[in-house]
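Residue numbering for the sequence shown follows this note's numbering, beginning at 261 and increasing consecutively.
Don't be surprised by glycine CBs; every beta carbon is placed ideally from N, CA and C.
Computed from a predicted model, the values in this text were never measured in an experiment.
Here the structure is laid out as structure tokens; the discussion comes afterwards.
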Amino acid sequence: MIDPIHSLSFSIHSNKGVYAVLLGSGISRSAKIPTGWEVTLDLVRKLAAISGEPCDPSPAEWYRAKFNRDPDYSVLLATLAKTPSERQQLLRGYWEPTDLEREEGAKLPTAAHQAIASLVEQGFIRIIITTNFDRLMEAALADVGITPTVLSIPDQVHGTLPLIHTRCCVFKVHGDYLDTRILNTPEELASYPPEFDALLDRIFDEFGLIVCGWSADWDEALRRAIFRTPCRRFATYWAAHGEPSSTAQQLIAHRNANVINIDGSDSFFQALQQQVQSLEEFSRPHPLSIEAAVTSLKRYLSEPRFRIQLDDLVSCEIDRIIAATSGPKFSVTNPVPDLTNSTARARTYEAVSSTMVAMATIGGRWVEEQHYTVWQRALERLVLAIPREVNGTTYIMWAGLQRYPATLLLYTLGIASLEAGCLQFLGKLFSTQIHLEYQEPVAVVTMLPPCCMFEDSHVARQLEGMERRHAPMNDWIHNFLRPQFKQTFPSDKRFTLLFDKLEILMAMSCAYHSSNSGSSYWAPPGAFGYRHSSRDAVLKEIQESIEKKGEQSPYISSGIFGTSVETCNDSLKAFKSFIAQIRWY
Numbered sequence: 261m262i263d264p265i266h267s268l269s270f271s272i273h274s275n276k277g278v279y280a281v282l283l284g285s286g287i288s289r290s291a292k293i294p295t296g297w298e299v300t301l302d303l304v305r306k307l308a309a310i311s312g313e314p315c316d317p318s319p320a321e322w323y324r325a326k327f328n329r330d331p332d333y334s335v336l337l338a339t340l341a342k343t344p345s346e347r348q349q350l351l352r353g354y355w356e357p358t359d360l361e362r363e364e365g366a367k368l369p370t371a372a373h374q375a376i377a378s379l380v381e382q383g384f385i386r387i388i389i390t391t392n393f394d395r396l397m398e399a400a401l402a403d404v405g406i407t408p409t410v411l412s413i414p415d416q417v418h419g420t421l422p423l424i425h426t427r428c429c430v431f432k433v434h435g436d437y438l439d440t441r442i443l444n445t446p447e448e449l450a451s452y453p454p455e456f457d458a459l460l461d462r463i464f465d466e467f468g469l470i471v472c473g474w475s476a477d478w479d480e481a482l483r484r485a486i487f488r489t490p491c492r493r494f495a496t497y498w499a500a501h502g503e504p505s506s507t508a509q510q511l512i513a514h515r516n517a518n519v520i521n522i523d524g525s526d527s528f529f530q531a532l533q534q535q536v537q538s539l540e541e542f543s544r545p546h547p548l549s550i551e552a553a554v555t556s557l558k559r560y561l562s563e564p565r566f567r568i569q570l571d572d573l574v575s576c577e578i579d580r581i582i583a584a585t586s587g588p589k590f591s592v593t594n595p596v597p598d599l600t601n602s603t604a605r606a607r608t609y610e611a612v613s614s615t616m617v618a619m620a621t622i623g624g625r626w627v628e629e630q631h632y633t634v635w636q637r638a639l640e641r642l643v644l645a646i647p648r649e650v651n652g653t654t655y656i657m658w659a660g661l662q663r664y665p666a667t668l669l670l671y672t673l674g675i676a677s678l679e680a681g682c683l684q685f686l687g688k689l690f691s692t693q694i695h696l697e698y699q700e701p702v703a704v705v706t707m708l709p710p711c712c713m714f715e716d717s718h719v720a721r722q723l724e725g726m727e728r729r730h731a732p733m734n735d736w737i738h739n740f741l742r743p744q745f746k747q748t749f750p751s752d753k754r755f756t757l758l759f760d761k762l763e764i765l766m767a768m769s770c771a772y773h774s775s776n777s778g779s780s781y782w783a784p785p786g787a788f789g790y791r792h793s794s795r796d797a798v799l800k801e802i803q804e805s806i807e808k809k810g811e812q813s814p815y816i817s818s819g820i821f822g823t824s825v826e827t828c829n830d831s832l833k834a835f836k837s838f839i840a841q842i843r844w845y
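The following block contains the structure:
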């Protein structure tokens with residue numbers, strides 16, 4: 261049999277905004293908030309104390325014997341505090357926390373209040389009826405940025421927005437603790453003002469109902485309101501800790517309510533909120549379109565609380581790419597590469613990676629430290645997913661293109677982070693460790709530059725239009741990424757400058773991470789080899805940064821090609837000497 265809380269979760273999720281919540285004093289018990297009757301009895305004790313008479317063990321009986329009437333909240337307040345300001349100060353102590361109580365978590369919104377506020381924030385709940393005088397529900401809603409419409413006296417009902425147009429309405433049927441007209445005694449609870457009755461009739465008729473923390477034993481007017489509305493457009497769910505009272509059972513039978521046995525209001529509403537949230541996440545359509553993926557990414561980048569969703573979004577996209585590029589269409593043993601099929605396969609890799617590239621243009625530009633590992637794991641997974649062994653003749657072109665999605669991700673993140681001035685992220689990306697079986701870990705920057713993708717970089721001249729290029733794969737990537745950054749870089753010149761800057765830093769980092777004592781210096785060439793003006797401008801900027809800022813230079817603190825002024829200067833000198841010796845053809 262399906263658990264009633266699961267049915268409720270499905271109902272709330274599929275009927276957004278049509279369930280109202282009815283909360284009783286049980287919802288605030290874990291916050292150590294007294295009930296109205298408990299406050300009344302405490303006021304009786306205070307009255308007895310100033311009268312010099314003992315009233316325990318039954319303050320109510322003492323009051324009846326003394327005044328020949330039942331204890332009355334309003335009368336007691338008028339007796340003990342003569343002005344409205346004095347009455348407010350007297351009442352604050354019952355419902356507002358002291359510094360010590362705040363440290364202990366007392367008289368603050370409970371987990372139940374917070375879960376309900378979360379459901380309101382997402383639009384699943386909009387009506388909250390409560391018999392409580394406290395303001396814990398309002399405080400929880402304020403914590404998520406919602407200011408509800410609060411109705412606690414008849415005058416407030418007049419002129420209020422129709423419920424369907426209200427984002428959230430807190431209907432305090434017994435009043436607010438700062439208003440001395442709150443309802444406490446059986447006589448006071450026997451009837452409501454006509455305005456309250458009319459509004460309750462509408463709510464109970466037009467909305468589904470979730471009841472929690474309310475015994476139904478004392479509130480005659482509220483019971484009558486429920487009995488008056490036999491129409492049940494939506495279901496009623498009654499959360500009960502233990503066996504419901506006989507009075508509650510009559511209401512349950514009248515509403516044909518589903519009873520949910522709970523351990524407490526906190527655990528109940530937490531579980532409910534989590535289940536509704538899970539249904540929301542599960543029901544969210546897969547980001548088939550680039551626009552949907554980028555929209556989701558922007559939302560998840562905006563706040564640290566979405567770090568799990570961000571990781572899931574990127575991981576799912578990497579899963580999709582790995583699955584899409586694992587079939588026979590991407591075999592490394594056939595067919596024989598030529599201009600036509602090499603170009604077609606490169607374009608297919610690009611099509612598969614298009615959503616990832618669009619996400620990375622945003623992710624790299626707005627990256628923060630807590631996002632670094634998300635993109636590092638994505639790079640690592642793309643590299644590790646490349647098959648290491650195959651049977652038959654392996655063509656260099658096909659084997660090299662297997663790294664293409666990872667290379668595209670590195671380039672896209674790199675260019676975007678350079679635009680944002682985030683060299684720290686670039687240094688982390690380049691140094692991402694790849695742990696290949698039976699090999700020492702290597703930095704990803706030594707595997708993904710275009711010159712490292714193929715055993716012979718001129719193999720990439722099999723791509724259409726690259727037949728006579730000096731750096732064919734570098735130019736191919738430049739041409740592919742340029743439209744992706746059109747909104748970020750309206751100027752082609754600016755994009756090309758940052759592209760060359762990335763390749764220069766990538767080359768220097770590759771040399772730094774792969775250097776061995778006694779070996780000659782080598783760095784992967786790039787298009788900067790024949791774009792002299794870009795190269796000279798970038799190298800000059802790096803040199804000046806190191807000279808002026810010293811250890812504070814971002815090129816040093818990022819560790820891209822050294823971790824001190826001395827090592828960075830040595831790397832820069834070696835790189836300049838290396839590129840001066842290369843014949844760029």
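D394 is classed as buried because its beta carbon has at least 16 other beta carbons within 10 Å across all chains shown. In the DSSP annotation of this structure, the continuous segment of the alpha helix (DSSP H) that includes V299 starts and ends at 296-311. Under the three-state reduction of DSSP, W498 is assigned to strand. Spanning the alpha carbons of L283 and R637 requires a straight line of approximately 45 Å. Per DSSP, C711 lies in no beta strand (DSSP E) segment; the continuous alpha helix (DSSP H) that holds it begins and ends at 710-713.
In the structure shown, the three-state DSSP call for R559 is helix. Here DSSP, grouped into helix, strand and coil, assigns G353 to helix. Annotation: I839 to T756 spans about 19 Å, alpha carbon to alpha carbon. Per DSSP, the beta bridge partners of N518 are Y497. The C-beta of L360 has fewer than 16 other C-beta atoms within 10 Å across all chains shown, which makes the residue exposed. DSSP places A280 in the uninterrupted beta strand (DSSP E) bounded by 279-283.
Distance check between L696 and each of L644, F270, P319 places L644 closest, using alpha-carbon atoms only. If you look at F327, you'll find it in the alpha helix (DSSP H) that goes 319-327. Selection S793, M766, L379 evaluated against A783 yields M766 as nearest (Cα-Cα).
Pairing V304 with F270, the inter-Cα distance amounts to about 47 Å. The Cβ neighbour count for D415, taken over all protein chains shown within 10 Å, is under 16; the residue is labelled exposed. Residue environment: G296 is assigned as buried (16 or more neighbouring CB atoms within 10 Å of its CB, all protein chains considered).
Between the C-alpha atoms of P357 and G286 there is a straight-line separation of about 18 Å. Looking from the CA of L642, the closest CA among T654, A620, T667 belongs to T667. In this structure A375 is in contact with L532, their Cβ atoms being roughly 7 Å apart against a cut-off of 8 Å. Closest option to V471, judged by alpha-carbon separation, among A458, P422, F528: F528.
Under the three-state reduction of DSSP output, L469 falls in the strand class.
Collapsing the DSSP output to three states places V410 in a strand. In this structure, the beta-carbon distance from Q684 to S769 does not fall below 8 Å. In this structure, the alpha-carbon of L661 lies about 15 Å from that of T600. The continuous beta strand (DSSP E) containing I387 extends over residues 385-390.
Bounds of any beta strand (DSSP E) do not take in K342, whose DSSP letter is neither H nor E. Relative to Q537, the option among W626, P422, V404, S378 whose CA is nearest is S378.
Under the criterion of beta carbons closer than 8 Å, M733 and P710 qualify as touching, at roughly 4 Å.
Here K367 carries a coil assignment [DSSP, helix/strand/coil]. The three-state reading of DSSP puts I764 in helix, counting H, G and I together.
Residue pairing by DSSP places K432 opposite T390 in a beta bridge. Residue range 825-841 is occupied by the alpha helix (DSSP H) that includes N829.
Its Cα nearest to that of P369, the residue E398 stands out among T409, K342, E398. Secondary structure note for Y815: its alpha helix (DSSP H) is the uninterrupted segment 814-817. I406 and S586 have their C-alpha atoms roughly 48 Å apart.
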